[in-house]
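Student:
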Amino acid sequence: MQTVPDPVLFESERSGDGLTLRLRGGWCIDHLREIETSLAQLGDQGKRVKLDFSGIETLDLSGAWLLRNWLEHAKSEGGQFEVVGERPAHFAFLDELLEHKTDQPAEATKARTSLRDAVVWIGRGTVQQAKQARDAVGFFGRIAATMVRAMRSAHHLRLPSIVRHVYETGIQAIPIVSLIAFLISVIVAYLGAQQLRTFGAEIFTVDLVAISVLREMGVLLTSIIVAGRSGSAFAAEIGVMRLNDEIDALQSMGVDFYEVLVVPRVIGLIIALPLLTIVADAMGLAGGALLSSLLLDISLSQFIPRVQDALAPTTFWAGLIKAPVFALLIALVGTYRGMQVRDSSRELGRLTTLAVVQSIFLVIFADAIFAVVFVELDF
Amino acid sequence: MSSNPQTPIISVRNLVNRFGSQVVHDGVNLDVMPGEVLGIVGGSGSGKSVLLRTMLGLQRPSSGQVLIEGRNITQMSDAELLSVKRRYGVTFQHGALFSSLTVAENIQLPIREYFDASPAALESLTELRLRMVGLPVDAGGKLPSQLSGGMVKRAALARSLALDPALLFLDEPTAGLDPISAAGFDELVTYLHRGLKLTIVMITHDLDTLLATCSRVAVLVDRKIVVDTLEGIMKNPHPWIQEYFHGPRARAADAAVKKAAK
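If you read the protein sequences in the order shown, they are chains A and B.
Under our numbering, the residues of the first sequence are numbered 1 to 379, in order.
Under our numbering, the residues of the second sequence are numbered 1001 to 1262, in order.
1. May I ask you to report which of helix, strand or coil DSSP gives B/G1089?
2. The ligand COA and A/A233: does any heavy atom of the ligand fall closer than 7 Å to the residue's C-beta?
3. To the nearest angstrom, how far is the alpha carbon of B/F1092 from that of B/L1157?
4. With contact counted as at least three CB pairs below 8 Å, one residue from each stretch, are the segment 57-72 of chain A and the segment 26-39 of chain A in contact?
5. State the Cα-Cα distance for the pair B/E1187 and B/L1196, rounded to the nearest angstrom.
6. Would you mind working out which of A/G55, A/S54, A/R22 and A/L9 sits nearest A/E34, comparing C-alpha positions?
7. Using only the alpha-carbon positions, how far apart do B/R1159 and B/H1094 sit?
8. Alpha carbons only, please: which of A/R68, A/A318 and A/L115 is nearest the one belonging to A/E96?
9. Given B/S1062, which residues of its chain have a CB within under 8 Å of its CB, disregarding the five upstream and five downstream residues?
10. Please state whether the Cβ-Cβ distance between A/G239 and A/L348 is less than 8 Å.
11. Can you check whether the CB of B/L1192 is closer than 8 Å to the CB of B/I1111?
12. Kindly indicate if chain A contains any beta-carbon less than 8 Å away from that of B/H1216.
13. Within the chosen definition, does the segment 234-253 of chain A reach the segment 136-143 of chain A through at least 3 CB pairs nearer than 8 Å?
14. Can you tell me whether B/G1134 is helix, strand or coil according to DSSP?
15. Below 8 Å on C-beta distance, what does B/G1035 contact in chain A?
16. Determine the direct distance from the alpha carbon of A/E57 to that of A/V49, and round the result to whole angstroms.
17. Please list the terminal residues of the continuous alpha helix (DSSP H) segment that includes A/A233.
18. If you drop the 5 nearest sequence neighbours on each side, which residues of the same chain put their C-beta closer than 8 Å to that of A/I225?
19. I need the DSSP call for B/V1037, collapsed to helix, strand or coil.
20. Rounded C-beta distance between B/V1227 and B/R1216? I'm assuming under 8 Å.
21. Return the CA-CA distance between A/D76 and A/S345, expressed in angstroms with no decimal places.
22. The beta strand (DSSP E) that contains B/Q1075, what's its start and end?
23. What does a CB cutoff of less than 8 Å around A/R158 pick up in its chain, not counting 5 residues either side in sequence?
24. Whole-angstrom Cβ separation of B/V1189 and B/P1173, contact assumed at under 8 Å?
25. Where do the N-terminal and C-terminal ends of the alpha helix (DSSP H) with A/N69 fall, by residue?
26. Using 8 Å as the limit for Cβ to Cβ distance, is A/F93 near chain B?
27. Excluding sequence positions up to five away, which residues of its chain have a Cβ less than 6 Å from the Cβ of B/Q1059?
28. How about A/L295: is its C-beta nearer than 8 Å to some C-beta of chain B?
29. In the DSSP assignment, the beta strand (DSSP E) including B/F1019 goes from what residue to what residue?
30. Can you give the beta carbon distance from A/K322 to A/F370, rounded, assuming they're within the 8 Å contact cut?
31. Does any residue of chain A bring its CB to less than 8 Å from the CB of B/L1125?
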């Protein structure tokens, strides 16, 4: 008699011309690995065998299924098996289960060439992109139409909703926007002062801070923070409403969800972002003033006239005029991506991320265009 | 309560659950015997879900004990609790399938989590689970969002059976299904119960499900629990129970039982 080491769940015994395989131990899902190795070895034992199930301590359905599948497979390859002792009860259940022929479709559908797959993939991608482009155009068109209608009548304007969004995207963002504007201007002033000192032109640090904050830094940083804060919130809020069928509920009541959900967010952000930009500008100048007095001995009474000299009448407006455009971009991308959410929470996460990334990209891209245009216009 | 000499698989002793000043359970006692199907009913807010969560070890009770296979899960370390959790399967009311995974991956998740299985074995076991709940094998490649309500419930059941549990908890298994799918699901539960000798605890509002599948019924009323056979509980004089089993919505089901009895 030959004993197989422990992890194997059977022992074999040769008597005369026959081979008996005695299964033993736990044929349950807890010993999945052992079952697999045992089944692999069982196949090598020979073609004419007697199987003895009586030594099995525990057998669960998973074990029975794997054993039965192996048995069927071995039989189909010409093995001859004789079962000694009682057949486990789970086998009867599985027999019954397999008799319930669920209408299985033929598996021939997988036989495709990789070339054909590639063509299908490209085609599907193209159609999808075209559909998305069409949807986007439709979306922006709907918003424009709804906005025009909202401008004409107070009822369609949804004032309370707009006020709420101004509060959430504007007022609540004041602390973080102020802090970041302040710190950035401190950094610019510090670096500028160090470099300009080598020419003995420290006083120009004031010009540097004032112009860079008012023209670029204030509005750009504010927009990026708002894109991260509110762009993502727009996409997530609307996306969750989509998942909960709330959008369908609104539509079924005959309420135009563009009017209630999208346009108030767009208008709210268009109001809030310029105001935030002004706060950021003020905080930026305050940071510059503080650093100038600490680092360069330029007191506040010197700082203010210097700033006034440095700025052209258009400098402040050159920054502020960009804010509503950036706000429009952020709000449109956020709400559009939110509307695209379908079916699953994974989509929600993906599209929220996409909303933030795309709105930041668009803001910076638009800023670059503004820069070129302003130079050409000598603004 | 029951003259069954076996030891109960679940035993709830003097369970008290309190949230602030609101008392949900006040001394609940419940025994679930191996191999039975127990239905838990109760009005909205009567604490069915809290009871279920307590039995699952997802929530510790204010006081009292829950014994599963003789082991007190209310005073267990997390590691011990894990070994108990490994022994039961649960389906949640809305399926709770992981929406970013396919049905097959949903079923394989617990197996992968606990065991080191080859892809072939995983695939084979997944096929078994799908067949057990009566889903076509090609449903395995679908995402939960692509399934109908009835298929979601079946897929959730397949996932709960992934580790060959001896004990199955079903939370409102037929809620939101059309009567035909619901009847199909009842049939499936009965079939699995018979074939696998499973112990099943289910929360349900569906009288038809209760009649079709359950051997005993536990009713949560007045922060306590009343357990009896279906016939016994229908004779219980408590007004809520009377209203539940003999109210207008119950009459049809009632008539069906009487018809069957004849």
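We treat Cβ as the ideally placed atom computed from N, Cα and C, and that holds for glycine.
Tutor: Walking through what the data contain:
1. Taken through DSSP and simplified to helix, strand or coil, B/G1089 comes out as strand.
2. Questions concerning the ligand COA fall outside what the structure shown contains, since it holds no ligand whatsoever.
3. Spanning the two alpha carbons is a distance of roughly 9 Å.
4. For the pair of segments examined, the segment 57-72 of chain A was found to touch the segment 26-39 of chain A: the number of CB pairs separated by less than 8 Å reaches three.
5. C-alpha separation (whole angstroms): 14 Å.
6. Distances from the CA of A/E34 to each of A/G55, A/S54, A/R22 and A/L9 were compared; the closest alpha carbon is that of A/L9.
7. Each residue's Cα considered, the two are about 13 Å apart.
8. It is A/R68 whose Cα lies nearest to the Cα of A/E96.
9. Closer than 8 Å at the Cβ level, and outside the excluded window around B/S1062, lie V1016, N1017 and R1018.
10. By the CB criterion at 8 Å, A/G239 and A/L348 fall inside the cutoff.
11. No, the Cβ-Cβ distance between B/I1111 and B/L1192 is not below 8 Å.
12. According to the sequence provided, residue 1216 of chain B is Arg. The question's His does not apply to it. Interface annotation, B/R1216: not in contact with chain A, CB-CB separation never under 8 Å.
13. Verdict: no, contact absent.
14. Coil, per DSSP.
15. Residues of chain A with a Cβ closer than 8 Å to the Cβ of B/G1035 do not exist; the shortest Cβ-Cβ separation is about 14 Å.
16. Roughly 21 Å between the two C-alpha positions.
17. For A/A233, the enclosing alpha helix (DSSP H) starts and ends at S232 to L243.
18. Only A173, I176, V177 and I180 meet the Cβ criterion.
19. When DSSP states are grouped into helix, strand and coil, B/V1037 belongs to the strand group.
20. The Cβ separation is near 6 Å, so the contact holds.
21. Note on identity: in this sequence residue 76 of chain A is Ser, with Asp being the wrong assignment. When rounded, the separation of the alpha-carbon atoms in A/S76 and A/S345 is 45 Å.
22. The continuous stretches of beta strand (DSSP E) do not include B/Q1075, and DSSP gives it neither H nor E.
23. Same-chain partners within the cutoff: A150, E259, V260, V263 and P264.
24. Contact flag correct, Cβ pair sits at about 7 Å.
25. Run containing A/N69: L61 to S76, per the alpha helix (DSSP H) assignment.
26. True, the Cβ-Cβ gap to chain B drops below 8 Å.
27. Answer for B/Q1059: R1053, listed in chain order.
28. So, not an interface residue.
29. Judged by DSSP secondary structure, B/F1019 falls within the beta strand (DSSP E) whose first and last residues are I1010 to F1019.
30. Contact between A/K322 and A/F370 holds, since their C-beta atoms are separated by about 5 Å, short of 8 Å.
31. With 8 Å as the cut-off, B/L1125 counts as an interface residue toward chain A.
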